[in-house]
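Trainee: Dropping a structure here in structure tokens format, bear with me for questions.
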Amino acid sequence: MTIPKPPASRPRRAAPRDATAHWADLMARGRAGDRRAYDRLLGETGAWLARYFRRRLPAAHVDDAVQDTLIALHNRRHDFDCAQPLRPWLATMARFKWVDRLRLMERDQNEPAPESSIASHEIDVVSCHVVRGLLGQLRPAQADAIRMVKLDGLSIIEAAERSGQSQSLVKINIHRGLKRLAAGFTPSP
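Take the sequence shown: its position 108, counted from the start at 1, is 944 in the working numbering, and no numbers get skipped.
Set out below in structure tokens:
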């Protein structure tokens, strides 16, 4: 009777060169001006960061967290001691960016959702038509004075120059026009 051999296990790949030593080497070469080495470093660390954040964040936040960490890596690259392994240094930055992202998500969750821009635009359009209709009920000089000063933001002096009226007359037309509009909104008993 022969004893069956256990199924052949898949041969293991040779262990890749220690990534941290490799990354530290790429960092040193990148700081020395080797653009290809620096691009390779960013590519490899970016892939590692994507895996790191995919396990910790919702998919919508992964790319932003990776980019934030890569920017931090780039900005702090001169602080790194190339004699040390890079992965722990990178993991520390990633952890801080992860916590920042969690805080941001918490803050966003607690803020009320902004109004739809479509609804806001609709309100603006309706308001514009209402104001135009109300100004149409006034004398032209009153409507023009209100439009220039209250809606267009001109000063009394500028409105007087544009309309050819005196400053006092512009003020009087605004006062009388607003008084007339307010009288039209008085609730009836």
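From the three backbone atoms N, C-alpha and C, an ideal C-beta is built for every residue, glycine too.
Determine the DSSP secondary structure at D988, reduced to helix, strand or coil.
Mentor: coil
Trainee: If you draw a straight line from the alpha carbon of D915 to that of K986, how long is it in whole angstroms?
Mentor: C-alpha separation (whole angstroms): 57 Å.
Trainee: Among residues of its own chain, excluding the 5 on either side of L909, which ones have a beta-carbon nearer than 7 Å to its beta-carbon?
Mentor: Its chain contains T881, L926, M929 as the residues whose beta carbon lies nearer than 7 Å to that of L909, once the 5 sequence neighbours on both sides are disregarded; these appear in chain order.
Trainee: Excluding the 5 residues flanking Q978 on each side, which residues of the same chain have their C-beta closer than 8 Å to its C-beta?
Mentor: N1009, I1010, R1012, G1013, R1016
Trainee: What's the call for A996, buried or exposed, on a 16-neighbour Cβ count within 10 Å?
Mentor: buried
Trainee: State the start and end residues of the unbroken alpha helix (DSSP H) segment that holds Q903.
Mentor: According to the DSSP assignment, Q903 belongs to the alpha helix (DSSP H) that extends over 895-911.
Trainee: Could you tell me which of C918, A883, Y888 sits nearest to A857, measuring between CA atoms?
Mentor: C918
Trainee: Taking a contact to mean a Cβ-Cβ separation below 8 Å, would you say R876 touches R913 in this structure?
Mentor: Their beta carbons are not under 8 Å apart, which means R876 does not touch R913 by this criterion.
Trainee: Can you give me the start and stop residues for the alpha helix (DSSP H) that R983 sits inside?
Mentor: Here R983 belongs to no alpha helix (DSSP H), and DSSP marks it neither H nor E.
Trainee: Exposed or buried, which one is A981 when buried takes at least 16 other CB atoms within 10 Å?
Mentor: buried
Trainee: Once the 5 residues before and after A873 are set aside, which same chain residues still bring their CB inside 6 Å of it?
Mentor: L862, R865, G866
Trainee: According to DSSP, is G972 part of a helix, a strand, or is it coil?
Mentor: coil
Trainee: Which residue's Cα is closest to the Cα of V1006: P976, A1019, G1020, P921?
Mentor: P976
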